[in-house]
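One structure is given below, encoded as structure tokens.
Numbering (the working numbering), first residue to last: 631 to 1399.
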């Protein structure tokens, strides 16, 4: 066969779709073209769907558009809802990014001419010399609505509503003219469109499925479009060869005949035969469509990079710029010298090889992969090529390694000869070196034994220091528990009689109740430390046999602290139970107490009324009515401005709420009225400890214990200050604060007691049974 003499241009478009100007070459789809046009004319909305590569775009451009024009329609250019925007355009600033993409295919000006329009408003403003003609809108690749501009997904519904607005009524559309819309979408994306069916009532029922070419249609394409290049027998043979698919049968891959022929594979095989002057090439062999397309892409890229040695750059350009990670097409704008990092001459070669195609949009030239059907073959081609390059590099590295090993082997042989000669020379020195090694070994053993003894002694001293710290804390906790039990036992004899020291006793009792959980936490911590020390002693005894005797003695001494901890736990539980009983009794007696009427002076009556208000506020505070209690305490000190207990309780309420400034002011006012009021001295000590003013905290704690020896909060503050001094080598404090209310005019600054000394305390009272 000979090539046709009508000219060098091939009648087969290859991987790109047919265009509107190629309608005379578009064959094999007469029935589909007629049926689709009839559906579009008769219905407001028609959905064309089919698999990727079935020829939907070609049917729209070269089939549907001519049919609608012959039927008297004004057909708008094919549009897409997706794609990249012009440089410098932020999609966030667009009214609707999908509408803007559609309008950019229709508008020939700049972007400002479309951003202000909806689809309906643009069509109404459009100049048409024959406005009576019906209007047809064809939107191709409608799957871009779900695959592109995913950050603007909320605009999808608005875009569909714009389409519905064009089809507002069955009998009229834009400016009293009928409007017909045809949407083309990939079959696998049809379910995404179904989700928006409520927006398009009764509009999605008209659908047209486009299958790939069957054998008779493929034969028609070859015999009618090639101008006599294909005889009937040749066309039938090529159609038979191309209608194969690779499937797995009985565990093996095999080529089997198929019902359909992929249009792109047919176009490529026919185009190849045309360019070869009527001789069939590699594309005409029986082969799976994906394999055929991979071979086509490999050959096209090889021709494009000829003379440039830039195949890796070309493949990275396609993989990074024209393919998305989700497996969709992307587009890139042509630059002045480079496009997406690739030289424009190479991009032009790719376009010439029909691997990429160009599209003019708003005066900007865009490039994208020639067809969606090339997405997966392109990915497979890139993966195979880069893997082969990795294998080549690995083979080169292995070859270099083998050469290196050969060189090392040769050098090793010469080195062995030198070593043998050297060995004979060193043989005489062997005995002396061996003796030195024996001496060094004995010295090392002696040093290792000494080191083991030193490490064991250090471990014993470290553990003994931990045991001493545990003993000190245990003794301190025992003192605090006994002091708490003494206060609780003393309250067993309490009865409200209106005495001046009753507020201090009640305040101390409540403070002891508040400290009981802290004592329990300290006891739990000591028990945990005791357990950890016991376990560490056991581990050290097994790991250090050189000091086993010392460690066992220390472990025995530590184990004796267990009963003491259990005894403290029992005493603390008993104190907690006694506190609960005494608390209920004391509160009941205070609530029922009525002070006797005394015919005293007005000042005495004012003090008695202040005490009564204080008792009421105390009861309210114990019941949780903090604000009511604060009000009663304030009324109490208004009745008796010299009432230190009222100011003290106001300060305690503020300190509990975290208002340290108000608390300190209240404590100072209490101490201004009664410098030896124990609860306020203890509260100032606690406040100074919170501020880490340790000298002031110690002074206030000692003054509090001097005024009220059973004040548990002062004991705890004093012990905390002493532990801090034992743990720190130096202190940044320079002396007592000049505003410390605990410092009396004739008293000297407090000095620190010796390390480990316990705070002074009287013999605690025997706890109540």
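Don't be surprised by glycine CBs; every beta carbon is placed ideally from N, CA and C.
Residue i burial status per 10 Å Cβ neighbour count (16 or more: buried)
i, result
"residue 825", "exposed"
"residue 903", "buried"
"residue 1182", "exposed"
"residue 703", "buried"
"residue 1376", "Interpretation of residue 1376 is limited by its pLDDT of 40, a score under 50 that renders its predicted location unreliable; the figure taken from the coordinates is listed afterwards. It counts as exposed."
"residue 895", "buried"
"residue 1053", "exposed"
"residue 887", "exposed"
"residue 1120", "buried"
"residue 588", "Any property of residue 588 remains undetermined from this structure, which presents the chain solely from 631 to 1399."
"residue 803", "At residue 803, the pLDDT of 42 sits below 50, so the modelled position is not reliable and the matter cannot be decided from this model."
"residue 1222", "exposed"
"residue 1091", "exposed"
"residue 1278", "buried"
"residue 1048", "exposed"
"residue 1152", "buried"
"residue 938", "exposed"
"residue 1200", "exposed"
"residue 1028", "exposed"
"residue 1080", "exposed"
"residue 722", "exposed"
"residue 785", "buried"
Option in the options with minimal Cα separation from residue i
i, options, result
"residue 1371", "1311, 1342, 1323 and 684", "1311"
"residue 1001", "667, 657, 682 and 1334", "682"
"residue 956", "1285, 732 and 779", "779"
"residue 1097", "1192, 658, 1050 and 1142", "1192"
"residue 1325", "843, 1159 and 1349", "1349"
"residue 952", "910, 1006 and 786", "1006"
"residue 724", "689, 1162 and 745", "745"
"residue 1011", "932, 659, 1028 and 994", "932"
"residue 829", "934, 793, 854 and 1150", "793"
"residue 1323", "1340, 1342, 1339 and 1347", "1347"
"residue 687", "639, 743, 796 and 841", "841"
"residue 750", "742, 656, 730 and 740", "730"
Residue i - partner residues in DSSP beta bridges
i, result
"residue 887", "874"
"residue 1239", "In DSSP, residue 1239 forms no bridge with anything."
"residue 837", "677"
"residue 969", "972"
"residue 1330", "In the DSSP output, where bridge partners are listed per residue, residue 1330 has none listed."
"residue 1319", "According to DSSP, which records beta bridges pairwise, residue 1319 is partnered with nothing at all."
"residue 766", "705 and 810"
"residue 961", "998"
"residue 727", "Looking at the DSSP assignment, residue 727 forms no beta bridge with any residue, so it has no partner."
"residue 986", "999"
"residue 815", "679"
"residue 953", "959"
"residue 844", "890"
Rounded Cβ spacing between residue i and residue j (contact assumed at less than 8 Å)
i, j, result
"residue 1209", "residue 1146", "6 Å"
"residue 919", "residue 892", "5 Å"
"residue 1297", "residue 1134", "With 8 Å as the limit, residue 1297 and residue 1134 do not qualify as a contact, their Cβ atoms being about 14 Å apart."
"residue 1243", "residue 1262", "5 Å"
"residue 1240", "residue 1273", "5 Å"
"residue 1301", "residue 1329", "Going by Cβ atoms, the distance from residue 1301 to residue 1329 rounds to 12 Å, so no, they are not a contact pair."
"residue 670", "residue 810", "5 Å"
"residue 691", "residue 649", "5 Å"
"residue 769", "residue 679", "Actually they do not touch by this definition, with Cβ atoms about 13 Å apart."
"residue 1156", "residue 1103", "6 Å"
"residue 1247", "residue 1266", "6 Å"
"residue 658", "residue 847", "4 Å"
"residue 774", "residue 839", "About 20 Å separates the two Cβ atoms, so there is no contact after all."
"residue 997", "residue 961", "7 Å"
"residue 1139", "residue 1117", "6 Å"
Ignoring anything shorter than 4 residues, give me the alpha helix (DSSP H) runs that lie fully in the segment 1251–1300, in order along the chain. Taking only runs of at least 4 residues, the alpha helix (DSSP H) segments lying wholly in the segment 1251–1300 are 1256–1269 and 1274–1286.
Run through the segment 747–791 for me and flag every whole alpha helix (DSSP H) of 4 or more residues, listed as ranges in chain order. Listed in chain order, the alpha helix (DSSP H) elements of length 4 or more contained wholly in the segment 747–791 are 749–755 and 774–777.
Ranges of the alpha helix (DSSP H) found wholly within the segment 998–1062, counting only runs of at least 4: Fully enclosed alpha helix (DSSP H) runs of no fewer than 4 residues occupy 1005–1056 of the segment 998–1062, in order along the chain.
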